[in-house]
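Before any comments, here is the structure.
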Amino acid sequence: MLIEAPLPVGYPAPTPPGMIELKTYPSVRRAEYSAKGSSNFGMNVGFWPLFNHIKKNDIAMTSPVEMDYRPTGERTPLAPMKDAEGSWTMSFLYRTRDLGPTGEDGRVKIVDTPELVVLSIGMKGPYGIGTVNAGMEALQKWFDGQQEWEPAGDPRGLNYNGPQVPMARKWSEVQVPVRRKAARPQAAAASDATTR
Numbered sequence: 629m630l631i632e633a634p635l636p637v638g639y640p641a642p643t644p645p646g647m648i649e650l651k652t653y654p655s656v657r658r659a660e661y662s663a664k665g666s667s668n669f670g671m672n673v674g675f676w677p678l679f680n681h682i683k684k685n686d687i688a689m690t691s692p693v694e695m696d697y698r699p700t701g702e703r704t705p706l707a708p709m710k711d712a713e714g715s716w717t718m719s720f721l722y723r724t725r726d727l728g729p730t731g732e733d734g735r736v737k738i739v740d741t742p743e744l745v746v747l748s749i750g751m752k753g754p755y756g757i758g759t760v761n762a763g764m765e766a767l768q769k770w771f772d773g774q775q776e777w778e779p780a781g782d783p784r785g786l787n788y789n790g791p792q793v794p795m796a797r798k799w800s801e802v803q804v805p806v807r808r809k810a811a812r813p814q815a816a817a818a819s820d821a822t823t824r
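For the sequence shown, position 187 matches number 815 in the numbering used here, and the numbering has no gaps at all.
Printed below as a string of structure tokens:
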């Protein structure tokens with residue numbers, strides 16, 4: 629598996645397909661394009677405003693292209709998503725923060741993200757909601773098998789390859805933000821022990 633563009637400074641290496649790992653991402657400056665409706669279609673719609681933004685500002689392309697998903701309605705964090713429900717944000721990442729200011733450039737917003745801890749699975753195959761749902765299903769099994777971590781936000785996809793890479797060989801990651809589960813108060817644990 630190969631990537632054609634450099635990662636932002638400080639970004640962890642991509643997770644190999646089929647592997648699951650906890651990762652910490654540093655704050656990064658990124659250009660965002662947000663919309664509602666089909667995220668699969670939106671990957672084409674969002675690409676050109678973002679590409680024109682970095683080209684106009686002489687900012688080199690990096691990997692990955694990030695897709696943040698915000699599904700609507702009552703749902704558990706890793707429930708399967710339908711493509712046309714909710715909203716999404718597509719982002720191109722600045723390699724370093726000194727390449728340009730935050731602010732707005734038409735429909736594109738340039739922002740600094742907070743540091744983020746995620747559970748990630750490497751994926752191989754076409755980009756889009758089908759691959760994201762398959763990744764979330766695998767991540768849910770990981771959460772079910774441990775007691776230390778829990779999901780703490782909406783899913784995202786990190787796409788590493790351009791259109792020249794065949795669909796079957798594309799490399800991506802499916803991620804969900806995580807937090808440590810709150811420790812049970814000792815008094816509650818002691819109470820449980822005495823009632824057994």
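Ideal placement from N, C-alpha and C gives every residue a C-beta, glycine not left out. If you're wondering where the values come from, they're calculated on a predicted model, not measured in any experiment.
Classify ARG725 as helix, strand or coil using the three-state DSSP reduction.
helix
Beta-carbon proximity list for ILE682, same chain, < 8 Å, skipping 5 on both sides:
Spatial neighbours of ILE682 in its own chain (CB-CB distance under 8 Å, excluding positions within 5 residues in sequence) are listed in chain order as ALA659, ALA688, MET689, PHE720.
Around the C-beta of GLN774, are 16 or more other C-beta atoms found within 10 angstroms, so that it is buried, or is it exposed?
exposed
Measure the beta-carbon distance from VAL804 to VAL746 and round it to whole angstroms, keeping in mind my assumption that it falls under 8 Å.
6 Å
What residue range is occupied by the uninterrupted alpha helix (DSSP H) comprising ASP733?
No alpha helix (DSSP H) contains ASP733, which is instead part of the beta strand (DSSP E) from 731 to 733.
Less than 8 Å separating the beta-carbons of PRO806 and MET751?
Residue identity check: residue 806 is Val in the sequence provided, not Pro. No, these two residues do not count as a Cβ contact at 8 Å.
What separation, rounded to the nearest whole angstrom, lies between the Cα atoms of MET764 and LEU706?
6 Å
Is the number of C-beta pairs between the stretch 783 to 790 and the stretch 726 to 736 that are closer than 8 Å three or more?
no
Helix, strand or coil for MET709, going by three-state DSSP, please let me know.
coil
Proximal residues to GLN795 (C-beta, below 6 Å), its chain only, five neighbours per side dropped:
The sequence as given places Met at residue 795; Gln does not occur at that position. Closer than 6 Å at Cβ, skipping near neighbours: PRO754.
Nonlocal neighbours in the same chain, by C-beta distance under 7 Å from VAL673, ignoring five residues either side:
ALA663
Could you pull the DSSP bridge partners for GLU801 from this structure?
GLY750, LEU786
Just curious, the alpha helix (DSSP H) that SER667 is in, first and last residue?
667 to 684
Count the other CB atoms within 10 Å of the CB of LEU767; is the residue buried (16 or more) or exposed (fewer)?
Label assigned to LEU767: buried.
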